[in-house]
Structures are given as C-alpha cells and as structure tokens.
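Sequential numbering of the sequence shown, starting at 1, is according to UniProt numbering.
To start, the structure under review is shown below, and the notes come after it.
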Amino acid sequence: MASFFFKRNPKTPSELVRTLNEQVTKFDTSSDRKKLQDETARYLNSIKVILNGDEDNDPQPDNIAQLAQEVYQTDLLFNLIVNLSNLEFDSRKDVSSLFSTLLRRQIGNRSPTVDYLVANPKVLRLLMRGPEIPNIALITGAILRDCIRVESLAAILLDDPTFWKYFDFSKKGTFENITDAFQTLSDLMLTHKQLTARWLRKNSVNFVRHINSLISSNSYVTKRQSIKFLSQILLDRLFREFMLLYVDSPENLKLVMILLSDKSKNLQVDSFNVFKIFIANPGKSKPVLDILAKNKDKLLQFLENFNPADRKDDKVFREEMEFVIQRVNELPRIKVNNGNVSPNNNPNHYGLQGQSYLNNNSATTNSSNNDMT
C-alpha cells in the first residue's frame, strides 16, 4: 500500500513538503544523483497519495490544506520546475499531476493556487521557458495549458516576453515538441477571446509579423497549423478589429495568395479560408484591390478548377466558393498602357505594377500537382 507514512519519511504533510523541497534543491551539489532521484520520486508519490488517495484511503481535506499551504510557503512548485530535467520521467508526470490537482482546488470561490501563481509570476515565466529544454517541453506544456484555463494566469502568460518565442518553438525541434508548443500558443490565444482581443489591440503589428513568419515556413506542418490558426482568429467576430487590420494589408494578401498556389490541396483549402475574407471585405484598400484586379483572370481560372475531393459534398464550401468567384468576377479589369497598369473604364483607379501572385501552373488542379499529405 502506498503511503506517506513509510519508514524514514516525514509524518505530516508539511514535513513531507519541506523534505521534498530540500531534496530537489540538492541536485546541483549531490554526488549520488540516482539516490536523490529515488528519494524525490518517493516523496512525490506520497504527496500524490495525500492529494488523491489510494485504494485504501480517501483524501483528507485537512491534510490537503496543510500540504498546499506548505507548498506555497516553500516555493516548492518553482523549485520542482527548476529541477524538472533532473527528475526521472515518472516523477515529472507526478509534478504535472501536482500542479493540475492544486489548480483545481478551491475554497469557496477562491483558488489558493491561482492566487499564489498571480503573486509569484516567476513560476509561470519559468514554465514558459520549458521548450528551451527539449526533454521537459511536453511536461511544461501540459502544465501551462492547465494554467491557461484560468484567465488571470493566461493574462500573465500573454504579457510575458517569452510568449513571442513560441513562434520559434513552433517551427524548431522535434515534431512532438513543435506540435506541443503550437498547441500552447493556440490555447493561449483562443481560450479567453475577450482577453486576446484586448491584447491584439496593443500587439497586432508584432503578432502579424510573427504569424506570417510561420506561414512562410518551409515546413508543411508549420504552414498548415499556422494558416488554420490564423483563419480561426480572422473568422471570429470577437477579433473583427484585428481581422480588418489584417485584410487591409497587400503584403498579407500576397502571402496568402502564394500559399493558395501551393501544391498541397490541404494547404490550398486552408489558405482559401483566409483568402475569402480578403474577397468578402467591402472596404478593400486600394493596394489590396489592385493586386486582386491584377490577378483577376488567374484567380478565376484557379477557383473554377479548384475541386478538392474531400469537399465535393460540402455544401457550405461550395456556397463560399460560388460567392468568392462572383466577387472576383466583379473586380475591375486591369489593362497595361506603356508599362503602367490601370483599370478598364475607371480613370480614377490607379493600377499596380509587379508580378502576378498566382502563376499559370498553380491555377490548375490536375494530378501533376503532388499533394504533400
């Protein structure tokens, strides 16, 4: 039977926490790393029994309260994260379980662990740096996503300078760590949308630069994750202010049109979900309108031949496609005069010089285009 009352172990929850805290801070000086790992594992397991009970014992509220208070007073959570890479795999999972259980604990309408983390943001900031150490990234990511469920903690994480590193974490490293970092980034942006909408008002320029860097990645996985993530934001009414800012930029349109011409049909579909917003916007900026008009014929050729196999029975997709084609048809036609471009029958409209962003090859959907998926 697992119990925290085993020989040589502390007899109270407070003593158990203090002893565990002493053990985890010895890793830098201990000459017997394995023994220290074993001791730490035993103490963590005993804490788990206090919090969750076992087959013979139910959790006791008084013991849990005593244990939690000592955790806060000793900064155990911070010290466990500092030394997470020194712990064995099962112990790391126990640390994650400890965080999760304490975060769920409430006294009336209060969450003491949330109060502690708000007062001690160093714990959250340390968790945010988890991907810098690949072998603990999945554990810190799981803990962070538990924290993100709480709006006051998410607000601290959004304002942490390390937040911007998650765009790099989302494209560098192992597939598992890249995916995990992107999931954390997505949860942080989409869980508390009112919070994110306010945050975007102050950080829109920097966010656009970072999300566009992911969309421009050479990695198929990164491109697909990021363009789907962007479409989720742009299509949400709470982010309308940001959406209008994003679709006002000709550079953003160019990027999306390049992705629309990708050989992967899945990427084409995902980028179409962003492209349609540029088309539907009734207040297009002149540079955006110029690019669309310049590419009108190629866009029509592409869209009229774009029939993804998995969308043939998707009524909503077909209706959206028909709407986009109709709007593209309504664009002014551009003609070239002495090296300058100008719209037909519209002397007040200034044209755009430059390349077309959909080439002839990408405007077809024949089998010669290999899908990367």
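In this text, a Cβ means the ideal position worked out from N, Cα and C, and glycines have one as well.
Remember, predicted model here, so these are calculated numbers, not experimental data.
{"Item": "Provide the residue(s) that pair with R104 in DSSP beta bridges, ordered along the chain.", "Value": "Answer is none; R104 lacks a bridge partner."}
{"Item": "Between K265, S30, N307, V24, which lies nearest to R42 when the distance is taken from Cα to Cα?", "Value": "V24"}
{"Item": "From D28 to A197, what distance separates their C-alpha atoms?", "Value": "43 Å"}
{"Item": "Where do the ends of the alpha helix (DSSP H) carrying N109 lie?", "Value": "No alpha helix (DSSP H) holds N109; DSSP gives it neither H nor E."}
{"Item": "Report the three-state DSSP secondary structure of I334 (helix, strand or coil).", "Value": "strand"}
{"Item": "I227 and L267: beta carbons closer than 8 Å?", "Value": "yes"}
{"Item": "What is the DSSP secondary structure of H192, reduced to helix, strand or coil?", "Value": "coil"}
{"Item": "Please report how far the alpha carbon of S216 lies from the alpha carbon of S91, in whole angstroms.", "Value": "39 Å"}
{"Item": "Do you know offhand how far N346's Cα is from Y220's?", "Value": "At N346 the pLDDT is 40, less than 50, meaning the model places this residue with poor confidence; the figure from the coordinates comes in the next sentence. Whole-angstrom Cα-Cα distance: 41 Å."}
{"Item": "Could you tell me which of S231, V316, L300 sits nearest to I277, measuring between CA atoms?", "Value": "S231"}
{"Item": "CB L124 to CB L153, shorter than 8 Å?", "Value": "yes"}
{"Item": "Classify P59 as buried or exposed, calling it buried when 16 or more other Cβ atoms lie within 10 Å of its own Cβ.", "Value": "exposed"}
{"Item": "Three Cβ pairs or more, each shorter than 8 Å: is that satisfied between the stretch 197-212 and the stretch 172-183?", "Value": "no"}
{"Item": "Straight-line CA distance for D159 to M189?", "Value": "12 Å"}
{"Item": "When the Cα of K309 is compared with those of P131, K265, V95, which residue comes out closest?", "Value": "The question names Lys, but residue 309 in the sequence shown is Ala. Selected option, being the one with the closest Cα: K265."}
{"Item": "Does the separation of the CB atoms of N21 and T74 fall below 8 Å?", "Value": "yes"}
{"Item": "How would you call Q225, buried or exposed, if buried means at least 16 neighbouring beta carbons within 10 angstroms?", "Value": "buried"}
{"Item": "Would you decide whether S31 is buried or exposed? Buried here means 16 or more other CB atoms lie within 10 Å of its CB.", "Value": "exposed"}
{"Item": "Please give me, in chain order, every unbroken run of the alpha helix (DSSP H) with length at least 4 that falls completely inside the stretch 262-345.", "Value": "265-280, 286-294, 296-304, 315-329"}
{"Item": "What number of angstroms, rounded off, separates the C-alpha of F280 from the C-alpha of E304?", "Value": "Reading off the sequence shown, one finds Ala at residue 280, where the question assumed Phe. Those two C-alpha atoms are separated by around 17 Å."}
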